[in-house]
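Trainee: Can you read through this structure? Questions will come right after.
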Amino acid sequence: KVEEQTFTIRDYRPADSDAIDDLETKAVQKGHFAFLSEWLAVAVQHKRSFDAKALQYRSYCILVAEDNSSKTIIGVIMCGIKDVFLEGSVVKVGFVSNLRVHDVVQRGGLGTKLCTELEARCMALGCFRLVLTVNGDNARAKKLFRKLGYVPASQRRMRPVLLTSVRPPTRFQEVPVEELRGADAAAQLNRALGRKDMALADFAELVNAEFFLGAYVMRLGESAAGCSLWDASQLKRFRVTGRLVELGQSPAARPAALGALGGAALAWAWRILQLAARGDSPLLLALHLAATAAAAAAARFIYRNAEFVLGRDAKIVRFVTPHCSGPEGEELLAALYRKAQDMA
Numbered sequence: 001k002v003e004e005q006t007f008t009i010r011d012y013r014p015a016d017s018d019a020i021d022d023l024e025t026k027a028v029q030k031g032h033f034a035f036l037s038e039w040l041a042v043a044v045q046h047k048r049s050f051d052a053k054a055l056q057y058r059s060y061c062i063l064v065a066e067d068n069s070s071k072t073i074i075g076v077i078m079c080g081i082k083d084v085f086l087e088g089s090v091v092k093v094g095f096v097s098n099l100r101v102h103d104v105v106q107r108g109g110l111g112t113k114l115c116t117e118l119e120a121r122c123m124a125l126g127c128f129r130l131v132l133t134v135n136g137d138n139a140r141a142k143k144l145f146r147k148l149g150y151v152p153a154s155q156r157r158m159r160p161v162l163l164t165s166v167r168p169p170t171r172f173q174e175v176p177v178e179e180l181r182g183a184d185a186a187a188q189l190n191r192a193l194g195r196k197d198m199a200l201a202d203f204a205e206l207v208n209a210e211f212f213l214g215a216y217v218m219r220l221g222e223s224a225a226g227c228s229l230w231d232a233s234q235l236k237r238f239r240v241t242g243r244l245v246e247l248g249q250s251p252a253a254r255p256a257a258l259g260a261l262g263g264a265a266l267a268w269a270w271r272i273l274q275l276a277a278r279g280d281s282p283l284l285l286a287l288h289l290a291a292t293a294a295a296a297a298a299a300r301f302i303y304r305n306a307e308f309v310l311g312r313d314a315k316i317v318r319f320v321t322p323h324c325s326g327p328e329g330e331e332l333l334a335a336l337y338r339k340a341q342d343m344a
């Protein structure tokens, strides 16, 4: 257990931002394969000050846990508070995020103390409902929040549906896109989504936020579809750490690694050519070709994900507030999604 007298929970200060960036690399969830994180781990790096995300809310609370002896930040938690509709009434709901605890003191109760203090602060602000998101494989976090009384409200899975699978006819692609800003965008979103559970009480809060890019609408007859775009690349990026990164950054190690990979690829290609020339093992040749295709597909998958993680300056735009109506609304929304990729 972490003794309470060894740390102090206090409000965040702007001077804490760099220390929290360092904490991000010390609070990586290691799961059941802790030894792997020593070699390769991904941590968040904030492009702006840590409170840049919280400043997008009208009301927020950020707490840090500071070690009393070393004065280092060993824990942090954030909550942004919004006025939203819930069961027909406007209530304050807090969106909890960025709970981080230094790996040296994890499982010592510090996360529980941060959450408990945050709840007390939120109640003092008139917020009695908190919402948070936990990765499905993060068993430790789910156990913590169950113990604190949180219950599952919904479950999201990352998979291609509707927008990526529906291929709208050409005529939907030719429908013009109407771009809305300011009061017009807020009015459109209030009409389309207003009074739905967890919808903002006033979408002007979203429209006037710094990273809001615009609202977009497509109309065809009695059908309509709309969305908003949010610039998510302004707040954070991913930083890869570990011994493999250190080796990769070494001028001496890089040529050796590339040489080893190139040699292995040539040896494999030579093996396939030998099998093809002999012609007496068609099954073995087919297995080798299948393994090559699988390895190429895996390499492409890894490269695309690594490119996303390592693309520090890549622009990441979120497709938010999707809505549609009418008999052809879904097809219009799919067309709008594809056009949004170009607009982003």
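Here the sequence shown is numbered in this note's numbering, starting from 1 and rising by one per residue. Heads up, the beta-carbon is just placed ideally off N, CA and C, and yes, glycines get one too.
Less than 8 Å between the beta carbons of HIS46 and GLY75, yes or no?
Mentor: no
Trainee: With 16 as the cutoff for other CB atoms within 10 Å, does PHE128 come out buried or exposed?
Mentor: Label assigned to PHE128: exposed.
Trainee: If you check the beta carbons only, do TYR12 and VAL64 fall under 8 Å apart?
Mentor: yes
Trainee: Excluding five sequence neighbours on each side, which residues of the same chain lie with their C-beta closer than 8 Å to the C-beta of ILE81?
Mentor: TYR57, ARG58, SER59, TYR60, CYS61, LYS92, VAL93, GLY94, PHE95, CYS122, LEU125, CYS127
Trainee: Go through its chain and collect everything with a Cβ distance to LYS236's Cβ below 7 Å, but skip five positions before and after it.
Mentor: VAL44, GLN45, HIS46, LYS47
Trainee: So which of GLU178, GLN155, ALA295 has the shortest CA-CA distance to GLN135?
Mentor: Here residue 135 is Asn; the residue named in the question, Gln, does not match the sequence. Comparing Cα positions, the closest option is GLN155.
Trainee: Skipping 5 residues on each side, what residues in its chain have a beta carbon closer than 6 Å to that of ALA187?
Mentor: none
Trainee: Where DSSP assigns a beta bridge to TYR57, which residues make up the other side?
Mentor: Note: TYR57 sits in no beta bridge, so no partner.
Trainee: Does ALA335 pass the burial test, meaning 16 or more other C-beta atoms within 10 Å, or should it be called exposed?
Mentor: Here ALA335 is buried, its C-beta having at least 16 other C-beta atoms within 10 Å.
Trainee: What did DSSP end up calling ALA203 once you bin it into helix, strand or coil?
Mentor: It is Phe, not Ala, that sits at residue 203 in the sequence shown. Three-state result, PHE203: coil.
Trainee: In three-state terms, what does DSSP make of SER17?
Mentor: helix
Trainee: Is LEU220 buried or exposed, if buried means 16 or more other CB atoms sit within 10 Å of its CB?
Mentor: The residue is buried, with at least 16 neighbouring Cβ atoms inside 10 Å.
Trainee: Quick one, which of VAL177, PHE172, GLY111 has its alpha-carbon nearest LEU148's?
Mentor: GLY111
Trainee: Take the Cβ of GLY226 as the centre, count every other Cβ of all protein chains shown within 10 Å, and call the residue buried at 16 or more, exposed below.
Mentor: buried
Trainee: Can you have a look at MET218 and say buried or exposed, based on whether 16 or more other CB atoms are within 10 angstroms of its CB?
Mentor: buried
Trainee: State the beta-bridge partners of TRP230 as determined by DSSP.
Mentor: PHE212, ARG318
Trainee: How long is the line joining the alpha carbons of GLY31 and GLN106, rounded to whole angstroms?
Mentor: Bear in mind that a pLDDT of 49 at GLY31, under 50, signals an unreliable position, so the model cannot answer this.
Trainee: Hey, quick one: how far does the beta strand (DSSP E) through LYS142 stretch, first residue to last?
Mentor: Where LYS142 is concerned, there is no enclosing beta strand (DSSP E), although the alpha helix (DSSP H) it sits in stretches over 139 to 147.
Trainee: Taking ARG171 as the reference, which of LEU332, THR8, ASP342 has the closest Cα?
Mentor: In terms of CA proximity to ARG171, LEU332 leads the group LEU332, THR8, ASP342.
Trainee: Which stretch, first to last residue, makes up the alpha helix (DSSP H) that contains ARG338?
Mentor: 329 to 343
Trainee: Given this structure, state the Cα-to-Cα distance separating ASN98 from GLU119, to the nearest angstrom.
Mentor: Looking at the two C-alpha atoms, the distance is approximately 15 Å.
Trainee: Is DSSP giving ASP67 helix, strand or coil here?
Mentor: strand
Trainee: From this set, ALA269, ALA276, PHE319, VAL84, which residue's C-alpha is nearest MET343's C-alpha?
Mentor: PHE319
Trainee: Checking the sheet assignment: what are the DSSP bridge partners for ILE73?
Mentor: GLU66
Trainee: Measure the Cβ-Cβ separation of ARG140 and LEU23 and say whether it is below 8 Å.
Mentor: no
Trainee: Pick from VAL90, SER17, ALA297: whose alpha carbon is nearest that of ILE77?
Mentor: When only C-alpha atoms are compared, the closest one is SER17.
Trainee: Would you mind stating whether THR25 and LEU193 have Cβ atoms separated by less than 8 Å?
Mentor: no
Trainee: Considering only DSSP beta bridges, list what ARG10 is partnered with.
Mentor: Residue pairing by DSSP places ARG10 opposite VAL64 in a beta bridge.
Trainee: Which same chain residues, not among the five before or five after ILE325, have their C-beta less than 6 Å away from its C-beta?
Mentor: Before going further, note that residue 325 is Ser rather than Ile in the sequence given. ALA224, listed in sequence order.
Trainee: Measuring alpha carbon to alpha carbon, tell me which of ALA232, PHE212, LEU132, ALA256 ends up nearest MET345.
Mentor: Shown here, the chain extends from 1 to 344; a query on residue 345 therefore has no answer.
Trainee: Taking the alpha helix (DSSP H) that PHE95 falls in, what are its first and last residues?
Mentor: Premise fails: PHE95 lies in the beta strand (DSSP E), 89 to 101, not in any alpha helix (DSSP H).
Trainee: Quick check on PHE128: does DSSP put it in helix, strand or coil?
Mentor: coil
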